[in-house]
Each structure stands twice: as C-alpha cells, then as structure tokens.
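Comments concern the structure below.
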Amino acid sequence: MTTDEKLQELLDTTMANARKQANEIIKGYNASADRILEDYRQSKREYIESRISAECSALKTAENKEVSATQIVIRKELSYKQEELKGKLFSEIVVLLDNYKKTEEYEKLLVSQIREEKNFAGENPLTVYIDPADAEKKDRLEKETGCVLTVSAYSFIGGTRAVTNDNKILIDNSFQTALEEERDKFILQGGRTNE
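Going left to right, the sequence shown walks through residues 1099 to 1293 as this note's numbering numbers them.
Right, here's the structure in full:
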C-alpha cells in the first residue's frame, strides 16, 4: 500500500469515525430536544388545565354569589309580601270579629268566659274586665252571670280579661291577645294545594 493509499484509508476511517460520533451527538441532541419539548408541552398542559380549573372555580364562585344575592332579594320580597298578605288577612279577621260582636253568640261567649273565670277564681276575689265597646252589655252580663264587671280603660277588641285580686293571676280571654298569638304562629303556606 502506498502512502497515498494509507493516507486515504486513514482519512476514510477518521471521517467514518467523525461521522459516527457526529451522528451520535446529533441523536443525543435530538433526544434531549424531544425530552425538553415534551416537558414543555406537559408543563403547558398542566398550566392550561390549572388555569381552566381556576377559571371554572372562579366562575362557579361568582355564580354562587349571584345566586345567593338573588335568593336573599327573593326571600326579602317574599317575606314582605307574606307580611302584607298576613296584615290583610288579619285586618279582614278584625272586620269579621266586629261583625261577630254584634251577634247573640258573642254575648253568649262573654257569659261563658265570665263564668269560667269565676269558676277558676273560686272563692278568691276577682275583677273581670270587658271591652269599652261592650259597655252597653254590662248590665245584662252582670245579671246573667251574677258577677260585677269593670269596663276596661283601653280596648282589647273584645272578649274578657280577669285578674284574681289575691294571687294577681291574669286570665286573658281577649280577642286582641288571641289575634296576636295567632299572628305570631301563623305561617302563610305557598304553592299549589293539589300537589
């Protein structure tokens, strides 16, 4: 082999080794670049997913706040309307009571209340009050019950009130107290009745 041939073979071998090393370096670089690219894509996916999750959570929170605020407004309006209707209902009841107070049944009710109050007091002294609007019934009621009655200084819509003088026990059979108690425990039910 000549020197030129030896040099050529050395050159070819060296070039083959250099190409092989260059190809390995390029493969390593490409593999590293692919890993970096995949890591970048993965981090971007995770970032996007966390942003979407955060935005969904923020939207849900905002929606819940809006729904809650709307519910508060609706509850206030409903409560106001219920109180308005309750007021109208109890105003109508007062009118019905005024009409009832003009009947014989009302006078019978007063007699019954006075007798029950007398029975409750027994031998204890008792002061029985009637409403000022019933003052004209005082004499008839006293004759029928055998009890001395006192016309109250203030109106309690109707019925009677009595106080035992010894024990200071109040017996309240007034329409006003009965109405107040009913108004306090009255709940206006809404919705359809046939459901």
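Idealized CB from N, CA, C, for every residue including glycine.
Residue i, DSSP secondary structure in three states
i	result
Tyr1145	helix
Gly1220	coil
Ile1124	helix
Glu1107	helix
Ile1134	helix
Ile1269	strand
Ile1285	coil
Thr1100	coil
Ala1276	helix
Spatial distance of residue i from residue j (CA atoms)
i	j	result
Pro1201	Leu1224	The displayed chain sequence assigns Thr, not Pro, to residue 1201. The alpha-carbon atoms of Thr1201 and Leu1224 are separated by roughly 27 Å.
Asp1137	Glu1144	10 Å
Glu1293	Phe1273	Low per-residue confidence applies at Glu1293: pLDDT is 46, beneath 50, and the placement is therefore not dependable, though the value from the model is reported in the following sentence. Glu1293 and Phe1273: Cα-Cα distance of roughly 35 Å.
Val1249	Leu1286	36 Å
Thr1101	Ala1120	28 Å
Leu1195	Ser1155	58 Å
Ile1150	Gln1180	44 Å
Glu1215	Lys1186	33 Å
Glu1280	Thr1159	42 Å
Leu1247	Asn1271	14 Å
Lys1118	Glu1147	43 Å
Closer than 9 Å to chain D by CB, residue i
i	result
Phe1254	You won't find chain D in this structure, because it holds only one protein chain.
Rounded distance between the beta-carbons of residue j and residue i, thought under 8 Å
i	j	result
Tyr1227	Ala1260	7 Å
Query raised in the report: Are the stretch 1234-1241 and the stretch 1259-1268 touching, with three or more C-beta to C-beta distances below 8 Å?
Result: no
Report task. Flag this pair as touching only if the stretch 1165-1183 and the stretch 1204-1211 have three or more C-beta atom pairs under 8 Å; answer yes or no. Result -> no
Query raised in the report: Which runs of the alpha helix (DSSP H), 4 residues or longer, sit entirely within the stretch 1169-1210?
Result: none
**Report entry** Start-end ranges of the alpha helix (DSSP H) lying completely within the stretch 1213-1267, minimum 4 residues
**Finding:** 1236-1243
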